[in-house]
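Per this note's numbering, the very first residue in the sequence shown carries number 26; after that it's consecutive. Please read the structure below before turning to the comments.
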Amino acid sequence: MNWLLPAICSLILWGAGQVFVKKGLSGVSPFVSNLIATLLALLIEIPFALIGGVEWSFFPLIFLFGFFAQIPNFIYPYVLQKSNVSLSGTILAIYPIFTVILSVFFLKETLTILQLLGIAGVILGTVLVAKQKNEKIRIAGWVVWAIIGAVLIGF
């Protein structure tokens, strides 16, 4: 269980980070927010990559995967700008469902009935959280972008 503590720290920081990004977007555009976040990530991650060893022959493939992995990070500030962080964060948090679906198709993993019921529960819970008081269930523009972000992160 040496993964549990880092996972809990990650979820706390991820949740707090969304609030800080939303607050920061009141002063800068989503583009500037993305630029600052990307530069900071590079400053932090490059030394770790160099210390851990870089297999340069894999660089083109790593660059391609990194490019696609970064797309949701560029979409998300635009979603935050148009929505409440409590709602958009909840919808974005369903990205593991897309990871599971892709793992079934590409990695030939199998799901149990309980796992399928759990996924259905997560989807239902997300719909209920996104629903405003006295509002019919409808899909607003920011919901679509949040779902696109979740799908891309699931990759």
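Beta carbons are placed, not taken as given, at the ideal position from N, Cα and C, and that holds for glycine. Predicted model only: the values in this text are computed from it and were never measured.
Unbroken alpha helix (DSSP H) stretches of 4 residues or longer found wholly inside the region 85-111: none. The beta carbon of Q140 is closer than 8 Å to those of V125 in its chain, skipping five residues each way along the sequence. When DSSP states are grouped into helix, strand and coil, I126 belongs to the helix group.
For G49, the uninterrupted alpha helix (DSSP H) run begins and ends at 29-49, by DSSP. If you check the CB distance, I148 and I122 come in under 9 Å. The C-beta distance from N98 to N59 rounds to 7 Å, short enough to meet the 8 Å contact threshold. Shown here, L132 sits in coil according to DSSP, grouped into three states, outside any helix or strand. K47 is classed as buried because its beta carbon has at least 16 other beta carbons within 10 Å across all chains shown.
It is roughly 11 Å from the alpha-carbon of A94 to the alpha-carbon of I100. Ranked by Cα distance from G52, the options Q106, I119, L127 are led by Q106. Taking the Cβ atoms as the reference, T115 lies roughly 6 Å from T151, within the contact range of under 8 Å. P55 is positioned such that its CB atom lies closer than 9 Å to that of Y103.
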